[in-house]
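Novice: Numbering (this note's numbering), first residue to last: 112 to 249.
C-beta atoms are modelled at their ideal positions from N, C-alpha and C, and glycine is treated no differently.
The structure under discussion is supplied below as structure tokens; questions concerning it will follow.
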Amino acid sequence: MGYKRQIKVFKLKFEDPEMDGLVVRVRSVKLGKLMKLVRAMDLDTEKMTAEDLNLIDDVFQTFAGAIVDWNLEDEKDQPVPTTLEGIYEQELDFVMEIVAAWVDALTGVECPSLDSDIKDFNYGLIGDDADDTGIVGD
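Following this line, the structure appears as structure tokens:
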């Protein structure tokens, strides 16, 4: 039997007071997808071209597929689904800040445009049945 690598799950936390309390858990992605994410972080969102919009759309689709869960609620206190449709219901700057935190976690380097505090829990799985450190047992 061969080696099968477990996908890493990152729990993102944000220092921005506006995002206080937001918790997002997201999976790692393969290198090709990561390269697109990094390119998207360099885009000027005020001067986007049609090609830029296609790249951003791909980033959002990738992000939607990688979200494990989040505690985001809408104006009616209902959970926002972790789907592409749920993402599209949010404002661009809000989603880009979350994506930037995700890229920070994936690369181990902070995105220059946005700051975030990344906790990777030493690449352990994180879940509701975790111990008091927030990490599911080995």
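Runs of 4 residues minimum, wholly inside the segment 186-221: which ones carry the alpha helix (DSSP H) assignment?
Specialist: Taking only runs of at least 4 residues, the alpha helix (DSSP H) segments lying wholly in the segment 186-221 are 195-199, 203-218.
Novice: Tell me whether D147 sits in a helix, a strand or coil according to DSSP, three-state version.
Specialist: Looking up residue 147 in the sequence shown gives position 36. According to the sequence provided, residue 147 is Lys. The question's Asp does not apply to it. Reduced to three states, the DSSP call for K147 is helix.
Novice: Please work out which residues of its chain come closer than 6 Å, Cβ to Cβ, to L123, disregarding the five sequence neighbours upstream and downstream, and give them in chain order.
Specialist: For the purposes of this step, residue 123 is taken as the residue at position 12 of the sequence shown. Only V135, A212 meet the Cβ criterion.
Novice: Could you give the DSSP three-state label for L183: helix, strand or coil?
Specialist: Translated into the one-based positions of the sequence shown, residue 183 becomes position 72. Looking at L183 - three-state DSSP - the assignment turns out to be coil, as it is neither helix nor strand.
Novice: For V179 and D185, which I take to be in contact (beta-carbon distance under 8 Å), what is that distance rounded to the nearest angstrom?
Specialist: Here residue 179 corresponds to residue number 68 of the sequence shown, with the count starting at 1. Here residue 185 corresponds to residue number 74 of the sequence shown, with the count starting at 1. Going by Cβ atoms, the distance from V179 to D185 rounds to 19 Å, so no, they are not a contact pair.
Novice: Any idea if T251 is buried or exposed, counting beta-carbon neighbours within 10 angstroms, 16 or more meaning buried?
Specialist: The chain is shown only over 112 to 249; residue 251 falls outside these bounds and no answer can be derived.
Novice: Look up I167 in the DSSP assignment and give the residues it is bridged to.
Specialist: Taking the sequence shown and counting its residues from 1, the one referred to as residue 167 is at position 56. Partner(s): none; I167 has no beta bridge.
Novice: Thinking just about the alpha-carbon of each residue, which of R138, L164, I118 is nearest to the one in A175?
Specialist: Position 64 of the sequence shown holds residue 175. When each option's Cα is compared against that of A175, the closest is R138.
Novice: CB-CB under 7 Å to D169, same chain, minus the five flanking residues each way: which ones, in chain order?
Specialist: Indexing the sequence shown from 1 puts residue 169 at position 58. Cβ within range, chain order: K147.
Novice: Can you name, in chain order, every residue of its own chain whose Cβ lies under 8 Å from the Cβ of R150, other than the five neighbours on each side?
Specialist: As a working mapping, residue 150 is identified with position 39 in the sequence shown. So the qualifying residues of the chain are L166.
Novice: Measuring only between beta-carbons, confirm whether E129 sits less than 8 Å from chain B.
Specialist: Structure shown: chain B not included; a single protein chain is present.
Novice: Can you find the residues in the same chain that come closer than 7 Å, C-beta to C-beta, to S224, ignoring five residues on each side of it along the sequence?
Specialist: Within the sequence shown, the letter at position 113 stands for residue 224. Per-residue confidence for S224 stands at a pLDDT of 44, beneath the threshold of 50, marking its modelled position as unreliable; no derived number is given.
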